[in-house]
Amino acid sequence: MTTGPRRVEPPLRGDEITTLRTFLDYHRDTLRWKTAGLTATQLRTPLPPSTMTLGGLLKHLAYVESNWFQVVLAGRDALPPFDTVDWSDDPDWDWHSAHADSPDALRALLDAAVSASDEVLEAALAAGGLDALSVRESRHGDGRFSVRWILTHMIEEYARHNGHADLLREALDGETGE
């Protein structure tokens, strides 16, 4: 893991949009780095007492990308395969189903979700900047989300799970990084 995918470095003096977007890209790249070079078995290996796996993290964050950008921000259907899941049957389907996916499939799923998210984000920023509002409202009835809020939440989501990825990766093969 000492040499992995190059990560985007957020600028020290960027404008707000650039800073938020590059911090999100930095964390996306960090997850790719933390999962690079692992086998299917390694991606499926949990660190007890948790059942969390690095493969589950890849699929979960692909789902999070789809949910926040496609569903909430743009008001579209979720991306495949998330669009056909019976979430009431298994609310953690993204985590549980990852064991059946190959490493290449998991990485491709995340990359496709990120690409689709970036397209939605570009359109939202062009239409109203960081103050543009999501099509869908909060499930708690608090109203719609600003693009600024969604970007900040996505940074938080990745940062949290990248901490998990650090621990999982070190437990798997001793590799550590920033």
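Per full-length UniProt numbering, the very first residue in the sequence shown carries number 1; after that it's consecutive.
C-beta atoms are modelled at their ideal positions from N, C-alpha and C, and glycine is treated no differently.
| Asked | Found |
| --- | --- |
| List the endpoints of the continuous alpha helix (DSSP H) containing Phe23. | 16-35 |
| Which word fits Trp33, buried or exposed, when buried means at least 16 other C-beta atoms lie within 10 angstroms of its C-beta? | buried |
| Gly56 and Trp95 look like a contact to me (Cβ under 8 angstroms); what is the Cβ gap, rounded to whole Å? | 4 angstroms |
| Please state the DSSP three-state secondary structure of Met1. | Because the pLDDT of Met1 is 47, which lies under 50, any placement of that residue in the model is unreliable, and the question is left without a value. |
| Here's the rule I'm using: 16 or more other beta-carbon atoms within 10 Å means buried, otherwise exposed. How should His27 be labelled? | buried |
| Beta carbon of Thr30, beta carbon of Arg7: below 8 angstroms? | yes |
| Can you find the residues in the same chain that come closer than 6 angstroms, C-beta to C-beta, to residue 181, ignoring five residues on each side of it along the sequence? | Because the chain here runs from 1 to 178, residue 181 falls outside it and cannot be looked at. |
| Would Leu79 pass as a contact of Ala116 if the rule is Cβ separation under 8 angstroms? | yes |
| Could you spell out the range, first to last residue, of the beta strand (DSSP E) harbouring Val147? | Careful: Val147 lies outside any beta strand (DSSP E), inside the alpha helix (DSSP H) at 147-173. |
| What is the DSSP secondary structure of Glu122, counted as helix, strand or coil? | helix |
| With C-beta atoms as the reference, is Val147 less than 8 angstroms away from Ala165? | no |
| Which same chain residues, not among the five before or five after Ala171, have their C-beta less than 7 angstroms away from its C-beta? | Leu47 |
| From Ala85 to Gly177, what does the alpha carbon distance come to, in whole angstroms? | Sequence check: residue 85 is Val here, not Ala. Going from the Cα of Val85 to the Cα of Gly177 covers about 35 angstroms. |
| Would the beta-carbon of Leu54 fall within 8 angstroms of that of Leu168? | yes |
| Using only the alpha-carbon positions, how far apart do Trp68 and Asp83 sit? | 13 angstroms |
| Where do the ends of the alpha helix (DSSP H) carrying Glu65 lie? | 54-65 |
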